[in-house]
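Have a look at the structure below, then the notes.
Protein chains: 2
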Amino acid sequence: MAEAERPTLEELGEIAVLARIFPRLPAADAALLGPGDDAALLAAPDGRFVVTTDMLVHGPDFRWEFSTAEDLGWKAAATNLSDVAAMGARPTALVVALAAPRSTPAAVLESFADGLRLACAELAPGCGVVGGDLSTSDVFTVAITAFGDLEGRAAVRRSGARPGDAVAVAGELGVAARGLRLLFEHGRDAAVRRDAHAVGRQLRPVPPIALGTVAADAGATAMMDLSDGLVLDARRLAQASGVDLELDPLDDDALRGGEDHSLLATFPAGAPLPEGFRRIGTVTPGTGRVLVGGDEFGELGGWDPYEQWDGRLS
Amino acid sequence: MAEAERPTLEELGEIAVLARIFPRLPAADAALLGPGDDAALLAAPDGRFVVTTDMLVHGPDFRWEFSTAEDLGWKAAATNLSDVAAMGARPTALVVALAAPRSTPAAVLESFADGLRLACAELAPGCGVVGGDLSTSDVFTVAITAFGDLEGRAAVRRSGARPGDAVAVAGELGVAARGLRLLFEHGRDAAVRRDAHAVGRQLRPVPPIALGTVAADAGATAMMDLSDGLVLDARRLAQASGVDLELDPLDDDALRGGEDHSLLATFPAGAPLPEGFRRIGTVTPGTGRVLVGGDEFGELGGWDPYEQWDGRLS
Numbered sequence: 001m002a003e004a005e006r007p008t009l010e011e012l013g014e015i016a017v018l019a020r021i022f023p024r025l026p027a028a029d030a031a032l033l034g035p036g037d038d039a040a041l042l043a044a045p046d047g048r049f050v051v052t053t054d055m056l057v058h059g060p061d062f063r064w065e066f067s068t069a070e071d072l073g074w075k076a077a078a079t080n081l082s083d084v085a086a087m088g089a090r091p092t093a094l095v096v097a098l099a100a101p102r103s104t105p106a107a108v109l110e111s112f113a114d115g116l117r118l119a120c121a122e123l124a125p126g127c128g129v130v131g132g133d134l135s136t137s138d139v140f141t142v143a144i145t146a147f148g149d150l151e152g153r154a155a156v157r158r159s160g161a162r163p164g165d166a167v168a169v170a171g172e173l174g175v176a177a178r179g180l181r182l183l184f185e186h187g188r189d190a191a192v193r194r195d196a197h198a199v200g201r202q203l204r205p206v207p208p209i210a211l212g213t214v215a216a217d218a219g220a221t222a223m224m225d226l227s228d229g230l231v232l233d234a235r236r237l238a239q240a241s242g243v244d245l246e247l248d249p250l251d252d253d254a255l256r257g258g259e260d261h262s263l264l265a266t267f268p269a270g271a272p273l274p275e276g277f278r279r280i281g282t283v284t285p286g287t288g289r290v291l292v293g294g295d296e297f298g299e300l301g302g303w304d305p306y307e308q309w310d311g312r313l314s
Numbered sequence: 001m002a003e004a005e006r007p008t009l010e011e012l013g014e015i016a017v018l019a020r021i022f023p024r025l026p027a028a029d030a031a032l033l034g035p036g037d038d039a040a041l042l043a044a045p046d047g048r049f050v051v052t053t054d055m056l057v058h059g060p061d062f063r064w065e066f067s068t069a070e071d072l073g074w075k076a077a078a079t080n081l082s083d084v085a086a087m088g089a090r091p092t093a094l095v096v097a098l099a100a101p102r103s104t105p106a107a108v109l110e111s112f113a114d115g116l117r118l119a120c121a122e123l124a125p126g127c128g129v130v131g132g133d134l135s136t137s138d139v140f141t142v143a144i145t146a147f148g149d150l151e152g153r154a155a156v157r158r159s160g161a162r163p164g165d166a167v168a169v170a171g172e173l174g175v176a177a178r179g180l181r182l183l184f185e186h187g188r189d190a191a192v193r194r195d196a197h198a199v200g201r202q203l204r205p206v207p208p209i210a211l212g213t214v215a216a217d218a219g220a221t222a223m224m225d226l227s228d229g230l231v232l233d234a235r236r237l238a239q240a241s242g243v244d245l246e247l248d249p250l251d252d253d254a255l256r257g258g259e260d261h262s263l264l265a266t267f268p269a270g271a272p273l274p275e276g277f278r279r280i281g282t283v284t285p286g287t288g289r290v291l292v293g294g295d296e297f298g299e300l301g302g303w304d305p306y307e308q309w310d311g312r313l314s
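If you read the sequences in order, they're chains A and G. Note that the first sequence covers residues 1 to 314 in the UniProt record's numbering. Note that the second sequence covers residues 1 to 314 in the UniProt record's numbering.
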C-alpha cells in the first residue's frame with residue numbers, strides 16, 4: 001500500500017472515516033434518496049430491477065502484494081457491473097459493505113472509494129454508490145451489491161440458447177489469467193515489466209459493460225459474464241439451455257483462463273452480430289457439453305474457493 | 001456449534017454446499033428471476049425500491065460462543081428487515097454474501113439458512129432470498145442487502161420531525177443490551193437461566209417490522225430503526241430534522257442500550273398514535289439535542305467498531 005499510514009481507521013473513528021470517503025464516492029443518477037437514512041431509495045422506472053452480489057476477501061480474491069486499494073475498488077465495481085450487464089441491463093447503482101482491520105490507514109479506504117468512482121465513470125457512467133456499511137475484521141473484506149435497469153427489455157438468461165444459434169464473445173479471453181500467473185511467478189513489478197496489459201486486466205478488469213444492453217437489443221438468446229473461464233462458463237450456459245456449444249479451436253489460456261469478465265452470448269442463426277462481438281462457435285442439439293474443435297473438452301479448470309484456495313496469504 | 005462437524009465446506013465444494021443450502025432458503029414473492037443467472041430480477045411495482053446493506057463479522061458483531069448459526073441467520077435477516085421497515089416500506093427480498101473458513105461444517109450454513117427462513121416467515125412473510133455469493137475467509141462474515149416496496153407511500157426519513165410532533169416508540173428498549181451484558185458476564189447457559197427473554201432478544205431480535213408501513217400510513221413525519229441506543233439514535237434524528245427531542249425519563253438501559261431494533265418515530269401533534277406505538281416525548285424547536293426529563297443527555301454511548309471493538313475473539 002502506497003497510501004499514508006496515518007491516521008488509521010481506529011484513530012479517526014467511523015464518523016470521521018465516512019466523512020473522508022463520502023465525497024469520493026460516485027453519485028448515482030437513479031438515487032431518489034442516498035446515504036443518511038436507514039435505507040436508500042432508488043428509481044426502477046420499468047417496475048423491475050436486476051440485482052447481484054459479490055464478495056472479495058483478502059487472500060482468495062485479492063492480495064495487497066499485487067493490488068493497490070484503488071485497484072481493489074475498481075475490480076469490486078467492475079465485476080459486479082459485469083454481472084448486471086450480462087442480464088442485458090444498464091447498471092444503475094451499488095451498495096458497498098466493507099470490513100477492514102482497525103489499523104488500516106484511512107487513506108486505503110479513500111483510494112478504494114477512488115477506484116469505485118473511476119470504474120463507474122469509465123464503465124457505467126451515471127452508476128454510483130447509494131449506501132453501505134463499515135465494519136472491522138482482521139481480514140479485509142468487501143461485499144458489493146449492484147443494481148441494473150432493463151429499460152423494458154426482457155432479461156437475457158443462461159437458458160435461452162437454441163440449436164443453430166451463433167456463439168459469440170465480447171472482450172478478451174485468457175488475458176486476466178495470464179496476468180495472474182505472471183503476478184504469482186514474478187511479483188507485481190516484474191510482472192508489469194513482462195506484460196503490463198495482462199497484469200492491468202487482472203487487477204483492473206475492463207468488462208464490456210455497455211455491450212450488455214447492445215446484445216439484448218440485438219436479440220441475444222442467452223448471455224453470461226465469463227468469470228471462471230470460457231469452457232467452464234460455456235458449460236454452465238450449455239447445461240442451463242440443454243444444448244451443446246461447439247467452439248472453434250482457441251489457445252489454452254483463452255479456453256481456461258478466468259476473470260476476464262468478457263460477455264459470452266448466443267444470437268439467432270443468420271442475425272448479424274452486434275459490433276464488439278465475434279463469433280467463436282455454434283449451438284448444436286445436445287446435453288450440456290462443450291466441444292472444442294470437435295472434441296469434448298473434459299477437464300474443467302475454473303475456481304472453487306472451498307476446494308482450491310490454499311489458505312496462504314503470502 | 002451443535003451442528004455435525006462433517007462434512008466441511010472444503011470437503012463438499014461450493015456446488016454441493018449450495019445444493020444443500022438452496023432448499024432451505026425462503027422464496028421471495030417479488031422474485032421474477034431467482035438464483036441461476038448472473039443476477040436476479042425483482043419486481044418494483046411502484047417504480048422505486050428501498051435498499052440497505054449490513055455486514056456481520058465474527059468478533060465485533062457476533063460470537064459463536066453465544067450465537068448458534070440459526071441465531072446468526074435470524075439476526076442478519078432481522079436487522080436488515082428493520083432498516084427497510086424504518087423507511088415505511090414492506091421488505092420484499094434479501095441477497096446474502098457469506099465468507100466462511102474452509103473447515104466450517106456444511107451444517108453451519110444449513111442452520112444459517114434456516115435462521116434466514118424462520119426470520120423472514122415470522123417478521124416479513126413473502127420476503128425471501130433471491131441471490132448470494134459464497135466465499136472463504138478465516139473470519140466468518142455475512143453481508144446482507146435487503147429490499148423493500150413503498151407501495152406508493154412517500155419514504156419516511158429521519159429529517160421530517162417538526163416541533164409539536166409526538167415522539168413514539170414501537171418495540172422494546174434496552175432489552176437486547178441487557179441480554180448482551182448477561183452473555184458477557186455469565187456465558188450463554190447461565191445468562192439464559194437469568195433472563196431468557198433478554199438473551200433471546202439479543203441473539204434473535206424481533207423488530208416490529210409490520211409497524212413500519214403502519215407508521216407511514218398513520219402519517220409518521222420521521223422514523224428510524226433503533227440499533228445503537230435510544231439517545232444516540234434520537235440525536236441523529238434530531239440533528240437530521242433540526243429540532244430537539246424532549247424525552248420522558250427512562251431507565252439507563254432503555255436510554256443507552258442498543259440492538260433492540262425497535263422503531264423510533266414522530267407523529268403530528270394531536271394525531272392518534274397507531275397501535276403498537278407508545279408516546280415517549282415531544283419534538284421541540286432546537287438544534288439537534290436530546291433532553292431527558294428536561295436535561296440534555298450528554299454522554300452518548302453507542303457503538304463505533306473502529307474505536308470500541310477490542311479485537312479479542314474470546
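Think of the CB as a built atom: it goes at the ideal place given N, C-alpha and C, for glycine as much as any other residue. Bear in mind that the values here come from a model prediction, so they are computed numbers and not experimental data.
query, result
"Quickly, what does DSSP pair residue 262 of chain G with across the bridge? List them, please.", "G:226"
"Looking at C-alpha atoms only, which residue of A:86, A:208, A:159, A:49 is the closest neighbour of residue 122 of chain A?", "A:208"
"Excluding five sequence neighbours on each side, which residues of the same chain lie with their C-beta closer than 8 Å to the C-beta of residue 285 of chain A?", "163, 243, 244"
"Alpha carbon to alpha carbon, how far is residue 11 of chain A from residue 316 of chain A? Give it in angstroms, no decimals.", "In the structure as shown, chain A begins at 1 and stops at 314. Residue 316 of chain A is therefore absent and cannot be evaluated."
"For residue 279 of chain G, which three-state DSSP category applies?", "strand"
"Considering only residues of the same chain and omitting the five flanking positions on each side of residue 239 of chain G, which have a CB-CB separation below 6 Å?", "288"
"Check each candidate in A:66, A:168, A:80, A:102 and name the one with the smallest Cα separation from residue 266 of chain A.", "A:168"
"Rounding to the nearest angstrom, what Cα-Cα distance links residue 314 of chain G and residue 145 of chain A in this structure?", "Only weak support is given to the placement of residue 314 of chain G: the predicted model assigns it a pLDDT of 29, under 50, and the value that follows is read from those uncertain coordinates. Their backbone Cα atoms lie some 31 Å apart in a straight line."
"If you check the beta carbons only, do residue 86 of chain A and residue 252 of chain A fall under 8 Å apart?", "no"
"Given a threshold of 16 other Cβ atoms within 10 Å of its Cβ, counted over all protein chains shown, does residue 241 of chain G qualify as buried or as exposed?", "buried"
"Please classify residue 269 of chain A: is it buried, with 16 or more other beta-carbons within 10 angstroms of its beta-carbon, or exposed?", "exposed"
"Specify the secondary structure class of residue 146 of chain G as computed by DSSP and reduced to three states.", "strand"
"List the residues of chain G whose Cβ lies closer than 7 Å to the Cβ of residue 139 of chain A, in chain order.", "137, 138, 139"
"Consider the Cβ of residue 35 of chain A: report whether some Cβ of chain G lies at a distance smaller than 8 Å.", "no"
"What's the gap between the Cα of residue 129 of chain G and the Cα of residue 27 of chain A?", "27 Å"
"Using 8 Å for Cβ pairs, my map puts residue 132 of chain A next to residue 108 of chain A. What's the rounded Cβ distance?", "Contact flag wrong, Cβ pair sits at about 15 Å."
"Quick one: Cα of residue 292 of chain A to Cα of residue 171 of chain A, how far?", "19 Å"
"Between the C-alpha atoms of residue 317 of chain G and residue 134 of chain G, what's the straight-line distance to the nearest angstrom?", "In the structure as shown, chain G begins at 1 and stops at 314. Residue 317 of chain G is therefore absent and cannot be evaluated."
"Shorter than 8 Å from the beta carbon of residue 49 of chain A to some beta carbon of chain G?", "yes"
"Which chain A residues sit within Cβ distance under 8 Å of residue 52 of chain G?", "38, 39, 40, 95, 131"
"Taking residue 88 of chain G as part of the beta strand (DSSP E), name the residues at either end of that continuous run.", "Element bounds for residue 88 of chain G: n/a, residue is neither H nor E."
"Quick check on the DSSP output: the beta strand (DSSP E) that includes residue 179 of chain G runs from which residue to which?", "Careful: residue 179 of chain G lies outside any beta strand (DSSP E), inside the alpha helix (DSSP H) at 175-203."
"Hey, is residue 158 of chain A's beta-carbon within less than 8 Å of any beta-carbon in chain G?", "yes"
"In whole angstroms, what separates the C-alpha of residue 137 of chain G from that of residue 141 of chain A?", "9 Å"
"Measure the CB-CB distance between residue 41 of chain G and residue 155 of chain A and report whether it falls below 8 Å.", "yes"
"Between G:105, G:71, G:263, which lies nearest to residue 215 of chain G when the distance is taken from Cα to Cα?", "G:263"
"If I measure Cβ to Cβ from residue 188 of chain A and keep anything under 6 Å in the same chain, skipping five residues before and after, which residues do I get?", "66"
"Exposed or buried, residue 23 of chain G, counting other C-beta atoms within 10 Å across all chains shown (16 or more means buried)?", "exposed"
"Going by beta carbon distance, what residues of the same chain come within less than 8 Å of residue 177 of chain G, once the five residues before and after it are set aside?", "202, 229, 253, 256, 257, 258, 259, 260"
"Using the C-alpha atoms, what's the distance from residue 90 of chain A back to residue 271 of chain G?", "44 Å"
"Assuming residue 92 of chain A and residue 149 of chain A make a contact with CB atoms under 8 Å, what is their CB distance in whole Å?", "5 Å"
"For residue 143 of chain A, go through chain G and note every residue whose CB falls closer than 7 Å to its CB, in chain order.", "55, 97, 143"
"Given a threshold of 16 other Cβ atoms within 10 Å of its Cβ, counted over all protein chains shown, does residue 312 of chain G qualify as buried or as exposed?", "Any answer about residue 312 of chain G is weak, because its pLDDT of 38 lies below 50 and its placement is not dependable; what the coordinates show is given next. Exposed: under 16 other Cβ atoms inside 10 Å."
"Put residue 166 of chain A into one of helix, strand or coil per three-state DSSP.", "strand"
"DSSP three-state call for residue 312 of chain A: helix, strand or coil?", "Only weak support is given to the placement of residue 312 of chain A: the predicted model assigns it a pLDDT of 39, under 50, and the question is left unresolved by the model."
"Return the CA-CA distance between residue 309 of chain G and residue 60 of chain G, expressed in angstroms with no decimal places.", "With a pLDDT of only 48 at residue 309 of chain G, under 50, the local geometry of the prediction cannot be trusted, and the value read off the model is given with reservation. Roughly 6 Å separates the two Cα atoms."
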